[in-house]
Amino acid sequence: MGRIGMAAMALWAVATACEKDIAVGGEGTFDNRNVFVRGVTQWENRAFRKDSLLVDASGHRFYVDEVRLLLSKFFVNNQGDTIYDPESFALITEVSDDYPVLKLNPGSYSGSVGFRIGLDSVTNSRPLGASAPGSLLNEPSLYRGATGGYKGYRFLEVKGRVFNPRIPDEVEPSRTFHYELGDTLDLNFKLSKSFSSGESTPIVFAMILDLDSLLAPFDLDTVSEIRADRSDVDDYNRALQLRQAAQNAIILL
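Under the numbering used here, the first residue of the sequence shown carries the number 806, and numbering increases by one thereafter.
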């Protein structure tokens, strides 16, 4: 688990509540979900602050202005039965918060929990506006397009500003970077877990994003954009790198 896990262990919480199972093909509302994912973003083992000046291993000074991860299909596998809401989506941002993802009945659960960052291929091909009213997938800023190598929805997105290393007295960063994942580059996370659900307190699992691990493979001075555009071989190779970095930088507790 390493330093990410050590920093995150204190953030894990579990509790509970009740009403109605949401299984495959089931339904539930945003308001009555009692299972939450607590999104926590960190830099070098400390809580990330949006206004913090960051310095990477190469000495680049920069700010991260926005982080977004599209979470879908949070599930609880209980002795072989999988419980999930196929229309439950959450947009995890750089702001630490609890995001409702599922409704569970009271009881004991033994098996695993998990989620996807991104969407399955069928959902990712859904046109903008085709989801149920109130769905997160109706948000225009998540949509990449309907055709070509750059289509579907944004699964992961990081935006920031970088100081130009060739201008040592630069007061404000003059360069930007914008990295994103989409297409078929979703990620899946799973954790063996047993827990009990009661009547009054929400169940909370922590998802830790380690920003320095996510950005480590890239030179922020020369790689200003990653689009996960299948029609651009070089860009798509960088997107594959970003996907692998994200797989290592995200942990579920």
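Quick reminder that beta carbons are idealized off the backbone N, C-alpha and C, glycines included.
*Between the C-alpha atoms of leucine 1025 and glutamate 977, what's the straight-line distance to the nearest angstrom?*
Sequence index remark: in the sequence shown, residue 1025 carries index 220 (1-based). Sequence index remark: in the sequence shown, residue 977 carries index 172 (1-based). About 16 angstroms.
*Status (buried if at least 16 other CB within 10 Å, exposed otherwise) for asparagine 1042*: For the purposes of this step, residue 1042 is identified with residue 237 of the sequence shown, where counting begins at 1. Per the 10 Å Cβ criterion, exposed.
*Looking at glycine 923 and leucine 875, is the spacing between their C-beta atoms short of 8 angstroms?*
Locating residue 875 in the sequence shown gives position 70, where the first residue counts as 1. Locating residue 923 in the sequence shown gives position 118, where the first residue counts as 1. Yes. Within cutoff.
*Would you report the Cα separation of proline 970 and lysine 908, rounded to the nearest angstrom?*
Here residue 970 refers to the residue found at position 165 when the sequence shown is read from its first residue. Here residue 908 refers to the residue found at position 103 when the sequence shown is read from its first residue. Going by the C-alpha atoms only, they are around 50 angstroms apart.
*Where does asparagine 910 fall in DSSP's three states?*
Walking along the sequence shown from the start, residue 910 turns up at place 105. The answer is coil: DSSP assigns asparagine 910 none of H, G, I, E or B.
_From the DSSP secondary-structure annotation, give me the bridge partner or partners of proline 978._
Here residue 978 refers to the residue found at position 173 when the sequence shown is read from its first residue. None; proline 978 has no bridge partner.
_Same chain only: Cβ atoms within 6 angstroms of methionine 1012, ignoring 5 sequence neighbours per side_ = For the purposes of this step, residue 1012 is taken as the residue at position 207 of the sequence shown. So the list reads Val842, Gly844 and Leu1057, once near-sequence residues are dropped.
*asked:* At the level of alpha carbons, what is the spacing between phenylalanine 994 and glycine 919?
replied: Residue numbering aside, residue 994 sits at position 189 when the sequence shown is read from its first letter. Residue numbering aside, residue 919 sits at position 114 when the sequence shown is read from its first letter. Each residue's Cα considered, the two are about 5 angstroms apart.
_Considering only DSSP beta bridges, list what tyrosine 984 is partnered with._
Here residue 984 refers to the residue found at position 179 when the sequence shown is read from its first residue. Val963 and Ile1031.
*According to DSSP, which residues form a beta bridge with phenylalanine 853?*
Along the sequence shown, read from residue 1 onward, the residue named residue 853 stands at position 48. Its beta-bridge partners do not exist; DSSP assigns none.
*Range covered by the alpha helix (DSSP H) that runs through threonine 928*: As a position in the sequence shown, residue 928 is number 123, starting the count at 1. Where threonine 928 is concerned, the enclosing alpha helix (DSSP H) stretches over 926-929.
*From serine 877 to phenylalanine 894, what does the alpha carbon distance come to, in whole angstroms?*
In the sequence shown, the residue the question calls residue 877 occupies position 72. In the sequence shown, the residue the question calls residue 894 occupies position 89. Going from the Cα of serine 877 to the Cα of phenylalanine 894 covers about 5 angstroms.
*Can you find a heavy atom of the ligand MG that lies under 7 angstroms from the Cβ of valine 840?*
Among the components modelled here there is no ligand, and therefore nothing to report on the ligand MG.
*Mind reading off the beta-carbon distance from proline 911 to serine 1002? Whole number of angstroms is fine, and I expect it under 8 angstroms.*
The sequence position of residue 911 within the sequence shown is 106, counting from 1. The sequence position of residue 1002 within the sequence shown is 197, counting from 1. Yes, they are in contact, since the Cβ atoms of proline 911 and serine 1002 sit about 5 angstroms apart, within 8 angstroms.
*asked:* Taking the alpha carbon of leucine 1014 as the reference point, which residue from Arg873, Arg838 and Leu859 has its own alpha carbon closest?
replied: Residue mapping note: residue 1014 aligns to position 209 of the sequence shown, counting from 1. The residue with the shortest Cα to Cα distance from leucine 1014 is Arg873.
*Straight-line gap, valine 900 to leucine 1016 (C-alpha atoms, nearest Å)*: Position 95 of the sequence shown, counting from 1, holds the residue named residue 900. Position 211 of the sequence shown, counting from 1, holds the residue named residue 1016. Rounded to whole angstroms, valine 900 to leucine 1016 spans 13 angstroms at the Cα level.
*Contacts around serine 915, its chain only, beta-carbon distance under 7 angstroms, and the 5 residues preceding and following it disregarded*: Taking the sequence shown and counting its residues from 1, one reaches residue 915 at position 110. So the qualifying residues of the chain are Asn883, Gln884 and Ser999.
*Helix, strand or coil: how does DSSP classify serine 946 here?*
By 1-based counting over the sequence shown, the position of residue 946 is 141. In this structure, serine 946 counts as helix in the three-state DSSP scheme.
*Hey, how far is the Cα of aspartate 870 from the Cα of glutamate 1004?*
Working through the sequence shown from its first residue, we reach residue 870 at position 65. Working through the sequence shown from its first residue, we reach residue 1004 at position 199. Approximately 39 angstroms, taken between the alpha carbons.
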